[in-house]
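Quick notes on the structure that follows.
In the working numbering, the protein residues as written are 2 to 145.
As structure tokens, then:
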């Protein structure tokens, strides 16, 4: 039991730090979208993830909200993967050429590929919070 309490407090602190860092990063990512061709799409995507991480840092977990975000992001990521000049084209036709050389997306597949990986980061962050919230809820119900 003591081991579980120690492990839980360490995990609690790690998750708090994780969520503070990702909340900050997602706010920065949203700000960087200001000059993007479609900021009205990407600012809300990153701000939603920032809000979810911010609430999780304050121990407010909403698993259904995480699943909704993950589902929406996943559908959009699939679209970006298979669209013309998307990630699949980048890998197959352009030999996974460097997409981070400059900030300006000079080739059409660069924008979609970067957006795909941005969605992937959001999905991972929300997924980690989802599984932590479910684990926390199950342990609270068990009386730990």
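Yeah, the Cβ is synthetic: ideal placement off N, Cα and C, and Gly gets one too.
- When 68, 41, 35, 22 are compared, the shortest CA-CA separation from residue 51 is found for 22.
- Here residue 135 has 64 as same chain residues with Cβ atoms under 7 angstroms from its own Cβ, once five neighbours each way along the sequence are excluded.
- In the DSSP annotation of this structure, residue 61 is not part of any alpha helix (DSSP H), being labelled neither H nor E.
- When the five nearest sequence neighbours on each side are left out, the beta carbons in the same chain lying within less than 8 angstroms of the beta carbon of residue 88 are those of 81, 82, 110, 113, 114, 117, in order along the chain.
- Burial of residue 27 is indicated by the presence of at least 16 other C-beta atoms within 10 angstroms of its C-beta.
- In the three-state scheme derived from DSSP, where H, G and I count as helix and E and B as strand, residue 55 is classed as helix.
- Here residue 138 carries a helix assignment [DSSP, helix/strand/coil].
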